[in-house]
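Counting from 1, position 74 in the sequence shown corresponds to residue 294 in this note's numbering; the numbering is continuous, with no gaps. In this text, a Cβ means the ideal position worked out from N, Cα and C, and glycines have one as well. For reference, the structure discussed in these notes is given below.
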Amino acid sequence: MSDPSVEGKVRRVWAETAHLTGVVLEVAAEVAARYQRPGQVVKVHGSDGKATYLALAGTPGEARSIELLLGPAARDALGPVDGAVWRLDPPFGAGFPLESAEGRDVLLFAVGSALAPLRAVIEVILRDRARYGRVILYVGAHTEADFPYAEDLARWAEDGVEIHKSVSRPWVQDVFRSAPPAVEDPAAFVAGMPAMIQGVTEALLEHGVAAERIGKNW
(Lines of atoms letter the chains of each structure in order from A and count residues from 1; the text may use other names and numbers.)
(Lines give C-alpha, C1' and ligand atoms only; values in the text may rest on other atoms or scores of the structure.)
Protein backbone atom coordinates (compact mmCIF):
# COMPACT_ATOMS: atom_id res chain seq x y z
CA MET A 1 0.00 0.00 0.00
CA SER A 2 1.47 3.36 -1.03
CA ASP A 3 2.28 6.02 1.55
CA PRO A 4 -0.18 8.94 1.16
CA SER A 5 2.03 11.36 3.09
CA VAL A 6 3.88 14.25 1.50
CA GLU A 7 6.60 16.65 2.58
CA GLY A 8 6.04 20.05 4.12
CA LYS A 9 8.95 22.35 4.91
CA VAL A 10 8.66 24.59 7.95
CA ARG A 11 9.10 28.13 6.66
CA ARG A 12 8.01 30.16 9.65
CA VAL A 13 7.48 29.53 13.37
CA TRP A 14 6.21 32.09 15.87
CA ALA A 15 4.72 32.33 19.35
CA GLU A 16 1.07 33.23 18.75
CA THR A 17 0.60 33.28 22.54
CA ALA A 18 2.65 31.95 25.45
CA HIS A 19 1.06 28.54 24.89
CA LEU A 20 0.18 28.46 21.17
CA THR A 21 2.60 28.28 18.27
CA GLY A 22 1.94 29.31 14.70
CA VAL A 23 3.59 27.44 11.83
CA VAL A 24 3.63 27.98 8.08
CA LEU A 25 4.56 24.99 5.94
CA GLU A 26 5.71 25.22 2.34
CA VAL A 27 4.06 22.42 0.37
CA ALA A 28 3.63 21.46 -3.27
CA ALA A 29 0.95 23.39 -5.14
CA GLU A 30 -1.17 20.27 -5.58
CA VAL A 31 -1.08 19.68 -1.81
CA ALA A 32 -2.16 23.25 -1.02
CA ALA A 33 -4.94 22.88 -3.59
CA ARG A 34 -6.46 20.07 -1.52
CA TYR A 35 -7.43 22.69 1.04
CA GLN A 36 -10.76 23.79 -0.35
CA ARG A 37 -13.01 24.43 2.64
CA PRO A 38 -12.43 25.94 6.12
CA GLY A 39 -12.42 23.28 8.80
CA GLN A 40 -10.37 20.74 6.90
CA VAL A 41 -7.44 19.13 8.71
CA VAL A 42 -4.03 17.64 8.10
CA LYS A 43 -2.38 14.67 9.79
CA VAL A 44 1.24 15.37 10.65
CA HIS A 45 3.51 12.38 11.29
CA GLY A 46 5.96 12.90 14.14
CA SER A 47 9.46 11.43 14.22
CA ASP A 48 8.21 8.96 16.84
CA GLY A 49 5.64 7.60 14.40
CA LYS A 50 2.70 9.17 16.19
CA ALA A 51 0.22 11.30 14.26
CA THR A 52 -1.06 14.74 15.21
CA TYR A 53 -4.27 16.06 13.66
CA LEU A 54 -4.40 19.82 13.13
CA ALA A 55 -7.07 22.07 11.66
CA LEU A 56 -5.87 24.47 9.00
CA ALA A 57 -5.67 28.07 10.18
CA GLY A 58 -5.14 29.92 6.92
CA THR A 59 -7.66 30.48 4.16
CA PRO A 60 -8.06 28.18 1.17
CA GLY A 61 -6.36 29.35 -1.98
CA GLU A 62 -2.77 29.86 -0.85
CA ALA A 63 -0.60 28.66 -3.73
CA ARG A 64 2.14 26.74 -1.94
CA SER A 65 1.66 27.02 1.80
CA ILE A 66 -0.58 26.01 4.67
CA GLU A 67 -0.82 27.58 8.12
CA LEU A 68 -1.31 25.72 11.40
CA LEU A 69 -1.77 26.58 15.07
CA LEU A 70 -0.19 24.19 17.57
CA GLY A 71 -1.20 23.73 21.17
CA PRO A 72 1.37 22.66 23.77
CA ALA A 73 0.97 18.91 23.12
CA ALA A 74 1.34 19.29 19.35
CA ARG A 75 4.28 21.64 19.78
CA ASP A 76 6.04 19.17 22.07
CA ALA A 77 5.32 16.28 19.73
CA LEU A 78 6.45 18.01 16.55
CA GLY A 79 9.13 20.42 17.79
CA PRO A 80 8.72 22.97 15.00
CA VAL A 81 11.91 24.71 13.86
CA ASP A 82 12.57 26.71 10.71
CA GLY A 83 13.74 24.51 7.87
CA ALA A 84 12.51 21.22 9.32
CA VAL A 85 10.80 18.84 6.92
CA TRP A 86 7.61 17.20 8.13
CA ARG A 87 5.63 14.33 6.71
CA LEU A 88 1.92 14.97 6.51
CA ASP A 89 -1.20 13.72 4.82
CA PRO A 90 -2.69 16.36 2.49
CA PRO A 91 -5.72 18.36 3.71
CA PHE A 92 -8.82 16.23 4.11
CA GLY A 93 -12.23 16.18 5.74
CA ALA A 94 -15.58 17.71 4.93
CA GLY A 95 -14.84 20.99 6.70
CA PHE A 96 -17.56 23.51 7.47
CA PRO A 97 -20.50 23.69 5.02
CA LEU A 98 -20.29 27.43 4.42
CA GLU A 99 -22.77 27.19 1.57
CA SER A 100 -25.44 26.43 4.18
CA ALA A 101 -24.74 29.80 5.81
CA GLU A 102 -25.33 31.95 2.75
CA GLY A 103 -28.18 34.36 3.34
CA ARG A 104 -28.19 33.61 7.07
CA ASP A 105 -26.79 35.02 10.28
CA VAL A 106 -23.76 33.02 11.41
CA LEU A 107 -22.94 31.97 14.98
CA LEU A 108 -19.37 30.85 15.68
CA PHE A 109 -18.02 29.16 18.82
CA ALA A 110 -14.41 28.31 19.71
CA VAL A 111 -12.06 28.02 22.67
CA GLY A 112 -8.29 28.47 22.58
CA SER A 113 -6.50 26.93 19.61
CA ALA A 114 -9.84 25.87 18.12
CA LEU A 115 -10.20 29.44 16.90
CA ALA A 116 -7.85 28.43 14.06
CA PRO A 117 -10.44 26.81 11.75
CA LEU A 118 -13.03 29.50 12.54
CA ARG A 119 -10.46 32.13 11.61
CA ALA A 120 -10.58 30.63 8.14
CA VAL A 121 -14.39 30.72 8.19
CA ILE A 122 -14.43 34.40 9.10
CA GLU A 123 -11.87 35.33 6.46
CA VAL A 124 -13.87 33.56 3.75
CA ILE A 125 -17.06 35.30 4.88
CA LEU A 126 -15.37 38.72 4.89
CA ARG A 127 -14.15 38.19 1.34
CA ASP A 128 -17.75 37.94 0.18
CA ARG A 129 -19.53 39.79 2.97
CA ALA A 130 -22.79 40.48 1.15
CA ARG A 131 -23.62 36.76 1.04
CA TYR A 132 -24.06 36.52 4.82
CA GLY A 133 -25.99 38.19 7.60
CA ARG A 134 -24.69 39.01 11.06
CA VAL A 135 -21.51 37.20 12.11
CA ILE A 136 -21.32 36.59 15.85
CA LEU A 137 -18.25 34.98 17.43
CA TYR A 138 -18.15 33.50 20.93
CA VAL A 139 -14.54 32.76 21.84
CA GLY A 140 -12.99 31.66 25.11
CA ALA A 141 -9.50 31.48 26.64
CA HIS A 142 -7.96 31.05 30.09
CA THR A 143 -6.67 34.64 30.23
CA GLU A 144 -6.85 37.69 27.98
CA ALA A 145 -3.27 36.99 26.87
CA ASP A 146 -4.25 33.48 25.76
CA PHE A 147 -6.51 34.61 22.91
CA PRO A 148 -4.76 33.83 19.62
CA TYR A 149 -4.94 36.12 16.61
CA ALA A 150 -5.28 39.34 18.62
CA GLU A 151 -4.73 41.53 15.56
CA ASP A 152 -7.29 39.53 13.59
CA LEU A 153 -9.84 39.83 16.38
CA ALA A 154 -9.44 43.61 16.36
CA ARG A 155 -9.72 43.77 12.57
CA TRP A 156 -12.78 41.51 12.51
CA ALA A 157 -14.49 43.75 15.04
CA GLU A 158 -13.79 46.75 12.81
CA ASP A 159 -15.30 44.80 9.92
CA GLY A 160 -18.52 44.24 11.84
CA VAL A 161 -18.00 40.82 13.39
CA GLU A 162 -19.70 40.81 16.79
CA ILE A 163 -17.23 39.30 19.25
CA HIS A 164 -18.07 37.98 22.72
CA LYS A 165 -15.03 36.95 24.75
CA SER A 166 -15.11 34.62 27.73
CA VAL A 167 -12.04 34.71 29.97
CA SER A 168 -11.85 31.47 31.99
CA ARG A 169 -15.55 31.58 32.99
CA PRO A 170 -18.37 31.52 32.06
CA TRP A 171 -18.09 29.03 29.23
CA VAL A 172 -18.89 30.28 25.76
CA GLN A 173 -22.20 28.42 25.65
CA ASP A 174 -23.23 30.12 28.88
CA VAL A 175 -22.31 33.53 27.48
CA PHE A 176 -24.62 32.69 24.59
CA ARG A 177 -27.36 31.49 26.94
CA SER A 178 -27.16 34.64 29.08
CA ALA A 179 -28.01 36.94 26.17
CA PRO A 180 -28.96 35.00 23.04
CA PRO A 181 -28.89 37.20 19.95
CA ALA A 182 -32.03 37.98 18.00
CA VAL A 183 -31.33 35.82 14.96
CA GLU A 184 -33.75 33.76 12.90
CA ASP A 185 -32.80 30.35 11.49
CA PRO A 186 -29.04 30.98 11.76
CA ALA A 187 -26.16 28.74 10.75
CA ALA A 188 -23.72 27.81 13.51
CA PHE A 189 -20.17 26.48 13.34
CA VAL A 190 -18.46 25.01 16.40
CA ALA A 191 -14.81 24.05 16.94
CA GLY A 192 -13.28 22.64 20.10
CA MET A 193 -12.97 19.62 22.35
CA PRO A 194 -15.85 17.10 22.35
CA ALA A 195 -17.29 18.24 25.70
CA MET A 196 -17.28 21.86 24.57
CA ILE A 197 -18.90 20.99 21.25
CA GLN A 198 -21.60 19.02 23.07
CA GLY A 199 -22.26 21.88 25.48
CA VAL A 200 -22.53 24.45 22.70
CA THR A 201 -24.74 22.15 20.63
CA GLU A 202 -27.12 21.72 23.56
CA ALA A 203 -27.30 25.49 24.05
CA LEU A 204 -28.00 26.05 20.36
CA LEU A 205 -30.73 23.42 20.29
CA GLU A 206 -32.31 24.96 23.39
CA HIS A 207 -32.38 28.28 21.55
CA GLY A 208 -34.15 26.71 18.59
CA VAL A 209 -31.25 26.39 16.17
CA ALA A 210 -31.98 23.48 13.85
CA ALA A 211 -29.61 20.52 14.28
CA GLU A 212 -28.88 20.47 10.56
CA ARG A 213 -27.69 24.08 10.80
CA ILE A 214 -24.96 23.24 13.33
CA GLY A 215 -21.66 22.51 11.59
CA LYS A 216 -18.65 20.81 13.15
CA ASN A 217 -15.32 20.17 11.46
CA TRP A 218 -14.61 16.82 13.16
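Answer yes or no: do residue i and residue j have a C-beta to C-beta separation smaller than 9 Å?
i: V331; j: A361; result: yes
i: V243; j: L290; result: yes
i: W306; j: E432; result: no
i: A411; j: A275; result: yes
i: F312; j: G435; result: no
Am I right that residue i and residue j are in contact with their C-beta atoms under 8 Å? What's the rounded C-beta distance?
i: P280; j: Y255; result: 5 Å
i: D366; j: T237; result: 5 Å
Within 10 Å of its beta-carbon, does residue i have 16 or more other beta-carbons around it, so buried, or fewer, so exposed?
i: V355; result: buried
i: Y442; result: The requested residue 442 is not part of the displayed model; the chain covers only 221 to 438.
i: S267; result: exposed
i: G380; result: exposed
Please state the DSSP three-state secondary structure of residue i.
i: L240; result: coil
i: E378; result: helix
i: M221; result: Its pLDDT being 43, under 50, M221 is placed unreliably by the model, and nothing is read from it.
i: S267; result: coil
i: V301; result: coil
i: G419; result: helix
i: P280; result: coil
i: V230; result: strand
Can you find at least 3 beta carbon pairs, one from the region 393 to 410 and one from the region 422 to 433, that sit closer than 8 Å? yes
For the region 343 to 359 and the region 316 to 325, state whether three or more C-beta atom pairs, one from each stretch, are separated by less than 8 Å.
yes
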